[in-house]
Every structure is written in C-alpha cells, then in structure tokens.
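Asker: Handing you this structure, nothing more for now.
Numbering (full-length UniProt numbering), first residue to last: 1 to 157.
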C-alpha cells in the first residue's frame, strides 16, 4: 500500500509494485493550441518563439517597429515604405555584433563542423579536381599533403 509523507514544501509518495500493476486512470487535458506569429485577430504575437527573442533584445524596439511596418504594409512592393525602420534596426544591430551576427555570417553550418560547412566545401571544390564516376559520386582528387583519405560526396537523386 502506498503512502504520502510531507517534508516542508516537498511531497514524497512511496508506491509499491501492486500500485504500479494497475493501469493509471489519469487523463490529461488536451493541450491548448499554441498561437503562431500572427494571432487570429491579425496582430503580431511578439512572444512567438519563432522570432528567436529578436523582439526583446537590445534592438527589440527597432525590430518591432520594422516588423510591424512590414506586416501592416499596404504598399506595393510590400514593405517598401519601411526602409527607414529597417535601416534603424540594422544600425542598432551593428552595435551588438556578439548578439546579432553580420550579414556574412548567415551560414550556421560552420558551427556544426567542416563536414556541414557548404560554403567552404564549395570554395574548396574549385581548388580540387573532381572525378564523376558512373554511380554519380564525386571523388575529389586530394593533394599529397592532405593524406590518402578519399572524400566521397553522393550527388545521385
């Protein structure tokens, strides 16, 4: 037979094997739907995780102004009147390079390791001669200083 013991703020429940032999009758409520970026009333959900915290950082005010301008824009092309708001946001972001990466740092794959760094792989492919075999795999010819390992990239559909 199970029993409970209260120790301060903690509740300790001791259960026996017999308690776990009976299937649980607990039913969980249906999860509440999570709103997306745009709420049902058409307004912007600034708490959406899809914004990645941009609305609350040191340039949050500028981001919200620029994003709001673009979202509610009626001009054609959309957002063409928001140039100044986006410029102010960019000027702010430049002041915080540790938080906001530069436009050249848009390739996050380099953080995963060299095998995921497409940008560098493409640049290096120009320096190596690649031989295509009948099975559609590229096998770069490596320089002698790079060792005897072969790199194989499968490009088949």
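Beta carbons: idealized from backbone N, C-alpha and C, even for Gly. Predicted, not measured: the structure shown is a model, and the values here were computed from it.
#1: Can you tell me which of 74, 11 and 94 puts its alpha carbon nearest to the alpha carbon of residue 62?
#2: Which complete alpha helix (DSSP H) runs does the stretch 38-105 hold, if anything under 4 residues is left out?
#3: With C-beta atoms as the reference, is residue 44 less than 8 Å away from residue 67?
#4: Starting from the C-beta of residue 92, find all residues in its chain whose C-beta is less than 6 Å away, skip the five residues before and the five after it, and write them out in chain order.
#5: Based on the DSSP output, what are the partners of residue 7 in its beta bridges?
#6: Tell me whether residue 3 is buried or exposed, calling it buried when 16 or more other Cβ atoms sit within 10 Å of its Cβ.
#7: Residue 18 to residue 31, Cα distance in whole Å?
#8: In whole angstroms, what separates the C-alpha of residue 79 from that of residue 65?
#9: Alpha carbons only, please: which of 29, 25, 50 and 26 is nearest the one belonging to residue 36?
#10: Start and end of the alpha helix (DSSP H) containing residue 17?
#11: Are residue 99 and residue 52 closer than 8 Å when you measure CB to CB?
#12: Near residue 55, what residues of its chain come up, given a Cβ to Cβ distance below 7 Å and the 5 sequence neighbours on each side ignored?
#13: For residue 81, which residues in the same chain have their Cβ closer than 8 Å to its Cβ, ignoring the five residues on either side in sequence?
#14: Roughly how many angstroms lie between the CA atoms of residue 26 and residue 48, to the nearest whole one?
Answerer: Reading from the atomic positions:
#1: Start at 1 with the first residue of the chain shown, and residue 62 comes out as number 62. Answer by Cα proximity: 94.
#2: Taking only runs of at least 4 residues, the alpha helix (DSSP H) segments lying wholly in the stretch 38-105 are 60-71 and 83-94.
#3: Here residue 44 refers to the residue found at position 44 when the chain shown is read from its first residue. Here residue 67 refers to the residue found at position 67 when the chain shown is read from its first residue. Yes, the pair counts as a contact, with Cβ atoms nearer than the cut-off.
#4: Here the question's residue 92 lines up with position 92 in the chain shown. The answer, listed in chain order, is 59 and 62.
#5: For the purposes of this step, residue 7 is taken as the residue at position 7 of the chain shown. Answer is 10.
#6: Residue numbering aside, residue 3 sits at position 3 when the chain shown is read from its first letter. When all chains shown are included, residue 3 counts as exposed.
#7: As a first step, residue 18 is located in the chain shown; it is residue number 18 there, counting from the start. As a first step, residue 31 is located in the chain shown; it is residue number 31 there, counting from the start. Straight through space, the alpha carbons of residue 31 and residue 18 are spaced by roughly 31 Å.
#8: If you number the chain shown from 1, residue 79 lands on position 79. If you number the chain shown from 1, residue 65 lands on position 65. So the two alpha carbons sit approximately 12 Å from each other.
#9: Indexing the chain shown from 1 puts residue 36 at position 36. When only C-alpha atoms are compared, the closest one is 50.
#10: Taking the chain shown and counting its residues from 1, the one referred to as residue 17 is at position 17. Looking at the DSSP string, the run of the alpha helix (DSSP H) that includes residue 17 is 17-21.
#11: Walking along the chain shown from the start, residue 99 turns up at place 99. Walking along the chain shown from the start, residue 52 turns up at place 52. Between residue 99 and residue 52, the C-beta spacing is not below 8 Å.
#12: The sequence position of residue 55 within the chain shown is 55, counting from 1. 46, 63 and 64.
#13: The sequence position of residue 81 within the chain shown is 81, counting from 1. Correct list, in chain order: 69, 73 and 75.
#14: For the purposes of this step, residue 26 is taken as the residue at position 26 of the chain shown. For the purposes of this step, residue 48 is taken as the residue at position 48 of the chain shown. Using only the alpha carbons, I get a separation of about 31 Å.
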